[in-house]
Structures are given as structure tokens and as C-alpha cells.
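Right, one structure below, let's go through it.
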Amino acid sequence: MSEAAGITTVFIPLVIRKRNGRPRIAPPDDYVANDDNGGVDPHIMRALALAWSWKRKLEAGEASCNQDIANAEGFTAAYVGRVVRLAYLAPAVLHKLLIERNAPAARLKDLWSAIDLPWAKQEAVIFRTGGNQYERPL
Numbered sequence: 001m002s003e004a005a006g007i008t009t010v011f012i013p014l015v016i017r018k019r020n021g022r023p024r025i026a027p028p029d030d031y032v033a034n035d036d037n038g039g040v041d042p043h044i045m046r047a048l049a050l051a052w053s054w055k056r057k058l059e060a061g062e063a064s065c066n067q068d069i070a071n072a073e074g075f076t077a078a079y080v081g082r083v084v085r086l087a088y089l090a091p092a093v094l095h096k097l098l099i100e101r102n103a104p105a106a107r108l109k110d111l112w113s114a115i116d117l118p119w120a121k122q123e124a125v126i127f128r129t130g131g132n133q134y135e136r137p138l
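So the sequence shown is residues 1 to 138, counted in this note's numbering.
Quick look at the structure:
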């Protein structure tokens, strides 16, 4: 970026490449992408975003049940129910995933089963920081 006589010029290096016969704007070959998700699986990030969005809809009365959300969004009610439960993960786990961007040692499927654990044990299981990773509540 340069400034001269009150005019700001911004140079953004882009390359136009054809893909499937159509022009496509792409970064140059020497561009190194910034991994802004910190290693957190994008599927987990998306599921958490959906969970909080759907939780707000339920609490605000925009949807009366999971089936209403499923019909509007094109998912099954069972899937909506599983995803909404992610909004109730421990605050420490959510902070590590969303703010600190620490990559969990668990997959999305494992997060769903970790929700059943007490908040004090969720962090240890999801990030494998200690304790028995297979311990289940009685």
C-alpha cells in the first residue's frame, strides 16, 4: 500500500486462471495461505456455529422444536438434536476451541459423546490432557 498526495493505492496480487473453461481469480503461486482456524476442524467449527444459531432460534421462539429447524434447513430432526447439544459443551472447551483455536484430539462424533460427561471431565477427554479418555458417566 502506498500513499502519495492523499491518494491511497492498494496492490493485491491476483492471477486469473481458467478452470473448466471459466476464468477464475486465484492467488499467485508463491502465496502462502494463512490458516486462521488454528488447526480446528472446519466441520467442528461449522457444527458449533449451527448449534448456537439453532439454540437461539429455539429460545427466541422462532422454531418450536427440532423438526421445525430440520424442515427449514434441510436436515433430519435427529441430526439437529445432536448438533444443538454441542451448544452445551463446557465453557472451558468452547473457549479452547473458539478463542484459543486449540485443535481437539477428538472428532465431531467424539464431541457428541463427550457432551454426556460432566463439564470438569469434558476438557480432559476432548483435548486428551489427562484422565481416562474412555471414561463414561454411570
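Ideal Cβ positions, reconstructed from N, Cα and C, are used throughout, including at glycine.
Two segments are said to touch when three or more pairs of C-beta atoms, one from each, lie closer than 8 Å; by this definition the stretch 89-96 touches the stretch 115-127. Around the Cβ of I69, a 10 Å sphere holds 16 or more other Cβ atoms; the residue is buried. Within a 10 Å sphere around the beta-carbon of P104 sit 16 or more other beta-carbons, which makes this residue buried. A distance below 8 Å separates the beta carbons of D41 and L108. The beta carbon of A114 lies closer than 6 Å to those of Q122, V125 and I126 in the same chain, with the five residues before and after it left out.
Beta-bridge pairing by DSSP links A26 to V15. Residue environment analysis places W54 among the buried positions, since at least 16 neighbouring C-beta atoms fall within 10 angstroms of its C-beta. In this structure, A51 sits near V84, with a CB-CB distance shorter than 8 Å. In the three-state scheme derived from DSSP, where H, G and I count as helix and E and B as strand, I7 is classed as strand. Straight across, the Cα-Cα distance linking R24 with K18 is about 6 Å. When the beta-carbon positions are compared, K57 and A49 stay at least 8 Å from each other.
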